[in-house]
Every structure is written in structure tokens, then in C-alpha cells.
Amino acid sequence: MAVMIAGAALMDGVVFVVDASQPCPRPQTREHFTALTIIGVKKIVIVQNKIDIVTKDRARKSYEEILEFIKGTWAEDAPIIPVSALHKVNIDAVVWAIEEIIPTPQRDPTKPPRMLIARSFDINKPGTPVDEIKGGVIGGSIIQGKFRVGDEIEIRPGIRIPKGRGYEYQPLFTEIVSLKSGENVLEEAYPGGLIGVGTKLDPSITKADNLIGNVAGKPGTLPPVWHELDIEVHLLERVVGLEELKKVEPIGKGERLMINVGTAVSIGIVDEISKDHIHMKLKIPVCAEKGSRLAISRQIRGRWRLIGYGFIE
Numbered sequence: 132m133a134v135m136i137a138g139a140a141l142m143d144g145v146v147f148v149v150d151a152s153q154p155c156p157r158p159q160t161r162e163h164f165t166a167l168t169i170i171g172v173k174k175i176v177i178v179q180n181k182i183d184i185v186t187k188d189r190a191r192k193s194y195e196e197i198l199e200f201i202k203g204t205w206a207e208d209a210p211i212i213p214v215s216a217l218h219k220v221n222i223d224a225v226v227w228a229i230e231e232i233i234p235t236p237q238r239d240p241t242k243p244p245r246m247l248i249a250r251s252f253d254i255n256k257p258g259t260p261v262d263e264i265k266g267g268v269i270g271g272s273i274i275q276g277k278f279r280v281g282d283e284i285e286i287r288p289g290i291r292i293p294k295g296r297g298y299e300y301q302p303l304f305t306e307i308v309s310l311k312s313g314e315n316v317l318e319e320a321y322p323g324g325l326i327g328v329g330t331k332l333d334p335s336i337t338k339a340d341n342l343i344g345n346v347a348g349k350p351g352t353l354p355p356v357w358h359e360l361d362i363e364v365h366l367l368e369r370v371v372g373l374e375e376l377k378k379v380e381p382i383g384k385g386e387r388l389m390i391n392v393g394t395a396v397s398i399g400i401v402d403e404i405s406k407d408h409i410h411m412k413l414k415i416p417v418c419a420e421k422g423s424r425l426a427i428s429r430q431i432r433g434r435w436r437l438i439g440y441g442f443i444e
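Pasting the structure below:
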């Protein structure tokens with residue numbers, strides 16, 4: 132669920148796929164729809180897939196189930212397109228709907244550049260000679276402004292380093308040496324799609340997705356780093372992701388919760404509670420603007436389940 136929310140934080144819209152051979156909504160369907168609601172992704176195209184393996188009556192019943200599921204929600208007027216992905220039936224209709232329902236947003240290239248990091252890795256093969264080693268790569272989506280090869284960037288919260296009996300996080304500063312989108316090598320990159328950014332960072336820092344959840348941008352322009360959060364909380368009526376509809380219990384003092392903000396995931400301990408507000412200390416700091424929306428999950432039956440959302444105060 133944390134991975135899904137992190138990925139959805141980068142999206143301007145969504146293609147929501149429903150299996151026509153299964154009852155709707157399944158627990159995961161409800162969970163993902165709720166996550167989209169929390170994150171604020173409101174442009175949606177619903178794809179009713181696998182119509183080639185069901186009867187006409189089942190296809191119609193599935194359509195009615197989807198209509199009932201989205202009734203009264205922000206997605207009530209979304210198109211529902213029957214599709215056979217296997218036989219490529221109605222794929223052209225899906226492409227048309229994406230163009231109509233999810234237009235490319237207007238971007239302001241003059242804003243300070245900012246990128247949410249969703250991947251980081253070491254591209255060097257084992258045994259690469261020292262003089263041929265390339266710097267670490269970060270991947271994600273630019274959410275505003277533009278990046279150019281040669282730009283200096285700051286990455287926050289940065290890396291964890293030992294300090295006394297504990298740890299602290301220090302921001303990283305590096306230079307962009309390459310920009311890549313798919314197979315395209317770029318000189319400058321704008322919002323939209325996923326971007327791979329080559330840097331001069333030691334690849335040991337970026338390997339194995341070590342920098343997931345960080346934010347990159349022009350030095351001195353990034354949001355604050357939060358080690359503790361005051362959160363305005365909005366709990367859901369029911370826990371999502373379970374077969375049965377389980378009521379969401381109030382948050383308790385001392386409870387461990389997982390929060391997602393942007394592509395960052397952290398665990399926090401609640402130490403203060405008041406009406407619709409909590410204060411929590413984070414295990415891993417997050418870099419985010421005041422007022423940012425975040426998802427809140429608690430551990431239920433050994434898995435993190437979405438129970439609500441909130442805003443950083």
C-alpha cells in the first residue's frame with residue numbers, strides 16, 4: 132500500500148482497472164480508490180477489463196457494480212470502458228478517454244525546480260574499473276520548474292549518519308550530469324512522466340533505492356524537513372483493504388502509525404492527541420510543505436491498513 136500511495140503521489144490522473152470476472156469492489160479496489168481520494172487524484176478513466184472471459188450477463192452485472200461503487204463519489208461521472216486487454220479490444224477508446232479526461236496540466240517553468248524521488252540506484256556493473264565508475268542515479272517525477280544538465284541540486288532530508296548515540300540526517304549537494312526519459316537523452320527536463328537523473332553522488336549512496344522519499348531541487352528552495360509532525364486528522368469510517376467492513380477506532384496515545392507524504396514513508400509514535408489533531412515523532416524525517424496532505428495507516432492483522440488522512444500543520 133505504501134508503494135501504491137508513493138506512486139500515486141506522482142500522478143496527474145489514473146486509469147483504474149476493474150476485473151469484470153470478479154465482484155466489485157474487491158478489498159484492494161476499495162483500498163486503492165480510497166488512496167486516490169486521499170491523495171487528491173481526481174481525473175480518472177475506469178477500465179472494465181476481461182470482458183472476453185465472461186458472459187454478456189456477467190459483463191452487464193459488473194458494469195452495474197462499478198456504477199454502484201462510484202455512485203455519490205468524485206468519480207461518479209467517470210467513463211467506464213469495457214476492454215479486452217488480451218485481444219486489444221477498445222484500447223483506442225481508452226487512449227481517447229485519457230486524452231479527454233486527463234489533459235496535460237499547464238506548467239510554470241519559472242518556479243523553483245522540484246522532484247519527488249521514487250527510485251535511486253547504482254548503474255555500475257560489478258567489477259567496473261574505478262576510473263569508469265559513474266555517479267549514482269535518482270529517478271522520479273519533476274512536479275514543478277525544470278532541471279538542466281549542469282544544474283546544482285540539493286536532496287533533502289538526505290542521508291543518515293551516526294551522531295553520538297543516535298543518528299542525524301544531512302542534505303546532499305551534487306550536480307546533474309545527465310537526464311533521461313525512457314530511451315531519450317535530454318538536456319533539460321520538465322514535469323510529466325518519469326525522469327532518471329545522473330549525478331556525481333557516490334553510487335553507494337543511491338544503491339538499492341536508498342534515497343526513496345527524498346525531494347530534490349535548487350539549493351535553498353526546498354520545503355522544511357520534519358522530525359515531528361502536528362497533523363490535522365480525518366479518520367475514515369471503515370478500514371479499507373479488509374474483506375469485512377471494520378470500523379476505524381480512534382487513534383490512541385503511544386500508537387505506531389505509518390504516514391505517506393509525497394513519495395516518503397515513515398513510522399511515527401503518537402505522543403499528543405486533541406480533537407482532530409495529533410502530534411507524532413517520526414522515525415525517519417520527511418521533507419514536505421506545510422499543509423501537505425498525507426495518508427495515515429495502522430497495523431491491522433500484521434499489515435498496514437489505510438485508516439485516514441491528514442494535513443501537516
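If you're matching positions, the sequence shown starts at 132 in the working numbering and goes up one per residue. In this text, a Cβ means the ideal position worked out from N, Cα and C, and glycines have one as well. All of these numbers come straight from a predicted model, not from anything done at the bench.
With 16 as the cutoff for other CB atoms within 10 Å, does residue i come out buried or exposed?
i, result
"E162", "buried"
"T348", "A small fix is needed here, since residue 348 is Gly in this sequence, not Thr. Classification of G348: buried, given that the 10 Å Cβ count is 16 or more."
"N315", "exposed"
"A339", "exposed"
"L332", "buried"
"G393", "buried"
"S272", "buried"
"T241", "exposed"
"P260", "exposed"
"Q179", "buried"
"E283", "exposed"
"L167", "buried"
"S405", "exposed"
Taking the C-alpha atoms as reference points, what is the distance between residue i and residue j?
i, j, result
"G324", "G270", "11 angstroms"
"I233", "I177", "12 angstroms"
"A153", "R296", "Ala is not the amino acid found at residue 153; the sequence shown has Gln there. Going by the C-alpha atoms only, they are around 53 angstroms apart."
"L353", "P243", "9 angstroms"
"R191", "K377", "29 angstroms"
"A395", "K384", "23 angstroms"
"E386", "R189", "44 angstroms"
"N391", "T160", "19 angstroms"
"G171", "W435", "20 angstroms"
"P156", "V280", "46 angstroms"
Hey, would you say the C-beta of residue i is under 7 angstroms away from at least one heavy atom of the ligand SAH?
i, result
"D361", "Here there are no bound small molecules, and the ligand SAH is not part of this structure."
Alpha carbons only, please: which of the options is nearest the one belonging to residue i?
i, options, result
"T305", "Y321, I336, K311 and L317", "I336"
"F147", "G327, I201, K192 and D188", "I201"
"G422", "I415, E444 and I438", "E444"
"R369", "Y440, I229 and G281", "Y440"
"E359", "K277, I382 and K412", "K412"
"G327", "R287, E375 and D253", "D253"
"L367", "S193, G203, R429 and A209", "R429"
"L303", "G313, L310, P288 and K311", "P288"
"E195", "I211, M135 and G144", "I211"
inquiry  = So, does the region 290 to 301 touch the region 262 to 276, judging by three or more C-beta pairs under 8 angstroms?
reply    = no
ask   = Touching or not, the region 214 to 225 and the region 178 to 185, by the rule of three or more beta carbon pairs under 8 angstroms?
value = yes
request  = Run through the region 256 to 339 for me and flag every whole beta strand (DSSP E) of 3 or more residues, listed as ranges in chain order.
outcome  = 268 to 275, 283 to 294, 297 to 312, 315 to 317 and 326 to 330
task = Within the region 171 to 259, note down every full alpha helix (DSSP H) run reaching 4 residues or more, in order along the chain.
result = 187 to 201 and 222 to 232
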